[in-house]
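K.L.:
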Amino acid sequence: MTDLTLMTYAGDPASVLPSLALLSHRVRVLPMDAASLVKMPENTILFLDARDDLATAKTLCRLIHATGLSTPIVLVLTEGGFTVVNSQWGIADVVVANASPAEVEGRLRLVSERGNSPAVVSRSSTEDGVEVEDGQIRSGELVVDTKGYTASLHGRPIDLAFKEFELLKYLVQHPGRVFTRAQLLQEVWGYDYYGGTRTVDVHVRRLRAKLGGEYEHLIGTVRNVGYRFDPPNEDRADTLPRTEDASPLEADSTRSERTTPSDDRP
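Be aware that the sequence shown starts at 1, since it is given in the UniProt record's numbering, and climbs by one per residue.
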């Protein structure tokens, strides 16, 4: 049983995230204000009701980090809230208010395992053109800070929305691996997301735009399949392993798709 805290202004706390009532966890309800922070135990996961008051939720997130609390924060949002939340909020996860019990339980399990930061294997290497150390993933001039929920290019911050950051982080953590749109939708948006796979295309297009023309190729398109992260390694095109069924012509086509537009590229 996990200790949970729900901060909300709602007169009916059960309406914030109805699935919580169907799970076996202990949930305390506190007002959504700074005074409630001192009432939270150390080993709790905080569900913050951001459905109707994103400004207050953002202020509380900043206050929690400013006071040194390590409480993992899960924002409860409406679909519209995803357009506002970004990596600067310093949250562990987000969940839509109508999420199923299975999704809420799954997200709780992941947050419990990793705390307020995504789990990243601590290593220092340049295998596959990516170096990971102390929560920072580096690939050339691109740095993804999984603890601070920030990304930068040439030392300059990239202004990413929350799901844009999550998508970039997921791709960078698996350099060279191709993911279908359905796989990315499942891994980044969650099992119960009701939007179509076109959502992935839209976020990839936004990511490329924010990376800029010189680096948009880092998010590669594989025709009729999906997307992958291509580390900025000049020799990588010549060293990529070829599948057993791939012909030289297919291999050349795959390499060219990383730098030329295709019908599937948003």
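All residues carry an ideal CB built from backbone N, CA and C; glycine is no exception.
The structure presented is a predicted model; accordingly, all values stated were derived computationally and were not measured.
(1) Reducing DSSP to helix, strand and coil, say where residue 157 ends up.
(2) On the three-state DSSP scale, how would you describe residue 151?
(3) Provide the residue span of the alpha helix (DSSP H) that contains residue 183, from first to last.
(4) By the DSSP assignment, the alpha helix (DSSP H) with residue 112 in it spans what residues?
(5) Do you know offhand how far residue 77's Cα is from residue 53's?
(6) For the beta strand (DSSP E) holding residue 37, just list the boundary residues, first then last.
(7) Helix, strand or coil for residue 226? Go by DSSP, reduced to three states.
(8) Quick check on DSSP: helix, strand or coil for residue 206?
(9) By alpha-carbon positions, which one of 178, 51 and 44 ends up nearest to residue 109?
(10) To which residues of the same chain is residue 227 closer than 8 Å at the C-beta, ignoring the five residues directly before and after it?
(11) Are the region 63-81 and the region 91-101 touching by the rule of at least three beta carbon pairs closer than 8 Å?
(12) Given a cut-off of 8 Å on the beta-carbon distance, is the pair residue 26 and residue 1 in contact?
(13) Residue 28 to residue 5, Cα distance in whole Å?
(14) Find out if the Cβ-Cβ distance for the pair residue 160, residue 211 is shorter than 8 Å.
(15) Would you kindly report the start and end of the unbroken beta strand (DSSP E) that includes residue 5?
(16) Can you say whether residue 156 is buried or exposed, counting buried as having 16 or more other CB atoms within 10 angstroms of its CB?
(17) Going by beta-carbon coordinates alone, are residue 23 and residue 105 separated by less than 8 Å?
(18) Using three-state DSSP, classify residue 201 as helix, strand or coil.
(19) Where do the N-terminal and C-terminal ends of the beta strand (DSSP E) with residue 187 fall, by residue?
(20) Select from 114, 111, 169 and 113 the residue whose C-alpha is nearest the C-alpha of residue 139.
(21) Thinking C-alpha only, which one of 15, 229 and 188 is nearest residue 51?
(22) Rounded to a whole number of angstroms, what is the C-alpha to C-alpha distance between residue 326 and residue 165?
(23) For residue 42, tell me which candidate among 48, 69 and 114 has the shortest Cα-Cα distance.
(24) For my contact list, residue 95 and residue 79 are in at a C-beta cut-off of 8 Å; report their separation, rounded to the angstrom.
(25) Quick one: residues in its chain with C-beta nearer than 7 Å to the C-beta of residue 19, no 5 flanking neighbours on either side, listed in chain order?
(26) Strictly by DSSP, which residues pair up with residue 47?
P.N.:
Reading off the structure:
(1) strand
(2) strand
(3) 181-184
(4) 101-114
(5) 10 Å
(6) Residue 37 -> no beta strand (DSSP E), and no H or E assigned at all.
(7) strand
(8) DSSP places residue 206 in the helix class (H, G or I) of the three-state scheme.
(9) Closest option to residue 109, Cα to Cα, is 44.
(10) Once the five neighbours on either side are set aside, the close Cβ partners of residue 227 are 171, 178, 179, 181, 184, 200, 204, 219, 220 and 221.
(11) yes
(12) yes
(13) 5 Å
(14) no
(15) Per DSSP, residue 5 is one residue of the beta strand (DSSP E) stretching across 3-7.
(16) Residue 156 should be labelled exposed.
(17) Residue 23 places its beta carbon less than 8 Å from that of residue 105.
(18) Residue state, collapsed to three classes: helix.
(19) From DSSP, residue 187 is part of no beta strand (DSSP E); its letter is neither H nor E.
(20) 169
(21) 15
(22) Because the chain here runs from 1 to 266, residue 326 falls outside it and cannot be looked at.
(23) 69
(24) Incorrect: roughly 12 Å between the Cβ atoms, too far for contact.
(25) 99, 100, 101 and 104
(26) 6 and 74
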